[in-house]
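In my numbering, the protein residues as written are 4 to 481. Glycine included, every Cβ here is placed at the ideal spot set by N, Cα and C.
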């Protein structure tokens with residue numbers, strides 16, 4: 004994932020100024036947006052991924068209402084839309100009045116609450132028209148209790164000592180996860196695996212789907228995924244996301260997985276319970292454990308976090324902007340969850356109808372600018388041929404600073420990850436443009452920059468900086 008990490012001391016590198024520098028003056032020009040064709044590895048490099056919660060995205064809660072807003076997502080730099088499960092929801096043992104998307108009763112039909120199969124096709128076509136790929140949230144570990152497999156193929160399910168079909172069990176504790184609305188599938192049954200692959204293939208062949216997000220991927224044998232992905236790739240190139248942080252999945256068909264450890268670290272840093280030292284330790288771990296073509300998905304929220312762990316307002320009340328920006332600056336792919344772009348500040352109901360207030364604010368504009376940078380600047384490439392990352396050491400542990408570098412393009416990030424003023428030190432001469440404001444900055448040599456709590460900058464040098472640095476290469480493919 005990190006092809007190389009380079010390290011440089013504070014006195015031997017570059018950069019910036021805080022936002023109110025007297026040397027800054029307006030000089031901003033928008034980068035031209037380039038067209039992409041779903042789906043290819045070039046898309047992965049520059050992609051922002053969006054998690055679409057169809058039920059809650061609009062008052063109507065339909066495919067049609069969501070499809071109308073796909074051009075808005077393009078404004079945010081979205082290149083992949085992950086659609087939460089769209090299948091009919093089991094009524095048996097249903098939670099709440101509408102139930103969980105993940106209690107599937109039929110893998111080849113759609114929830115009439117959302118619309119029709121024709122509406123799905125129109126959604127996919129509109130996404131492709133806007134150079135956006137669509138991946139579908141798939142539930143391979145379990146089904147709802149009124150899926151036809153329950154009665155037609157009970158041997159396809161896990162049973163207890165009494166021969167009763169059971170809900171998923173936590174193998175670490177031997178106790179139920181509490182997912183009582185679903186029945187656990189038995190992956191020792193090859194016929195079940197074959198049918199699951201056939202159902203996956205149906206969506207790719209019949210509906211031109213571009214890939215899948217696999218729910219609780221860590222509970223399903225990696226061998227199944229390897230076979231499934233090989234089969235699907237005979238039809239067309241696809242993109243695979245694992246809901247797991249498990250390197251062996253990346254070696255068995257998946258392109259990207261969740262950076263859960265980084266997510267939890269960012270939550271702790273937001274409360275000043277962890278530090279930038281922990282951040283660099285984790286990046287070094289990723290450098291050693293992930294392959295050079297593995298992709299981390301970075302996020303500050305998603306459907307689980309919003310509904311169960313808390314909103315951004317609860318977890319990052321004063322600093323969501325700096326942590327969101329960090330997810331764009333790292334080698335990997337940033338996620339936007341439905342409503343995040345509109346400053347959603349309530350926990351969306353999971354088993355009932357809810358809705359997202361769509362009021363564009365400064366956070367929407369930040370995501371828009373970050374998405375534009377991600378789409379157009381090779382220094383932020385985060386796919387299978389990602390841009391390098393260069394650490395810039397700082398005296399103050401509250402300051403996090405690094406550069407990204409690829410194809411003669413460079414960007415430098417500096418941020419204050421604390422609730423008090425902090426000073427960054429740089430020793431460099433050159434001209435820079437603030438990538439978010441367009442303001443110019445001229446550096447004349449040794450500079451100290453005081454940043455207010457949780458403030459940050461991204462700078463682009465006008466002339467390429469030559470890094471003559473000791474480089475720590477990855478042990479994986481370059």
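- Taken atom to atom, the span from the alpha-carbon of residue 445 to that of residue 225 is near 52 Å.
- If the five residues before and after residue 367 are omitted, its C-beta is found closer than 6 Å to the C-beta atoms of 344, all from its own chain and listed in chain order.
- Residue 316 sits in a helix when the DSSP states are folded into three classes.
- Taking 4 residues as the minimum length, the alpha helix (DSSP H) runs contained wholly in the region 189-246 are 193-210 and 225-235, in order along the chain.
- Here residue 269 is not bridged, per DSSP, to any residue.
- Within the same chain, Cβ atoms closer than 8 Å to the Cβ of residue 402 are found at 279, 417, 418, 419, 420, 425, 426, 427 and 454, the five residues on either side in sequence being excluded.
- Under DSSP, the beta-bridge partners assigned to residue 406 are 393 and 415.
- DSSP places residue 328 in the uninterrupted alpha helix (DSSP H) bounded by 323-332.
- Ranked by Cα distance from residue 262, the options 86, 277, 302 and 356 are led by 302.
- Within its own chain, the residues whose Cβ lies closer than 7 Å to the Cβ of residue 111, once the five positions on either side in sequence are excluded, are 202 and 205, listed in chain order.
- In this structure, 58 is the residue among 78, 58 and 71 with its C-alpha nearest to the C-alpha of residue 90.
- In the three-state scheme derived from DSSP, where H, G and I count as helix and E and B as strand, residue 444 is classed as strand.
- C-alpha of residue 311 to C-alpha of residue 325: approximately 23 Å in a straight line.
- For residue 270, same chain residues with a beta-carbon under 6 Å away, outside a window of 5 residues either side, are 318 in chain order.
- Relative to residue 299, the option among 286, 95, 62 and 307 whose CA is nearest is 286.
- The region 236-250 makes no contact with the region 151-164, as fewer than three CB pairs between them are under 8 Å.
- Within the region 143-184, the complete alpha helix (DSSP H) segments of 4 residues or longer fall at 151-155, listed in chain order.
- In the DSSP assignment, residue 452 is bridged to 427.
- Taking the C-beta atoms as reference points, residue 125 is found no nearer than 8 Å to residue 73.
- DSSP places residue 187 within a strand segment (E or B) once states are collapsed to three.
- Around the beta carbon of residue 155, a 10 Å sphere encloses fewer than 16 other beta carbons of the protein chains shown; the residue is thus reported as exposed.
- Excluding the 5 residues flanking it on each side, residue 79 has same chain C-beta neighbours closer than 7 Å at 51, 339, 344, 370, 371 and 374, in chain order.
- The C-beta distance from residue 435 to residue 465 rounds to 7 Å, short enough to meet the 8 Å contact threshold.
- In this structure, residue 136 and residue 49 do not form a Cβ contact; the two beta carbons are roughly 12 Å apart against a cut-off of 8 Å.
- Rounded to the nearest whole angstrom, the C-alpha separation of residue 355 and residue 150 is 21 Å.
- The residues 59, 60, 341, 342, 345 and 347, in chain order, have a CB closer than 7 Å to that of residue 359 in the same chain once the five nearest residues on each side in sequence are set aside.
- Using a 10 angstroms sphere on the CB of residue 216, the tally of other CB atoms reaches 16 or more, which defines it as buried.
- Under DSSP, residue 339 shares a beta bridge with 53.
- In this structure, DSSP gives residue 87 a state outside helix and strand, which the three-state scheme calls coil.
- Leaving aside the five residues that flank residue 405 on each side, the residues in its chain whose CB is nearer than 7 Å to its CB run, in chain order, 392, 393, 394, 395 and 416.
- With at least 16 other beta carbons inside 10 angstroms of its own, residue 186 counts as buried.
- Here residue 82 carries a strand assignment [DSSP, helix/strand/coil].
- Shown here, residue 251 sits in a helix according to DSSP, grouped into three states.
- Ranking 104, 323 and 117 by CA distance to the CA of residue 69 puts 117 first.
- Between residue 67 and residue 122, the C-beta spacing is below 8 Å.
- Spatial neighbours of residue 108 in its own chain (CB-CB distance under 6 Å, excluding positions within 5 residues in sequence) are listed in chain order as 91, 93, 147, 149 and 150.
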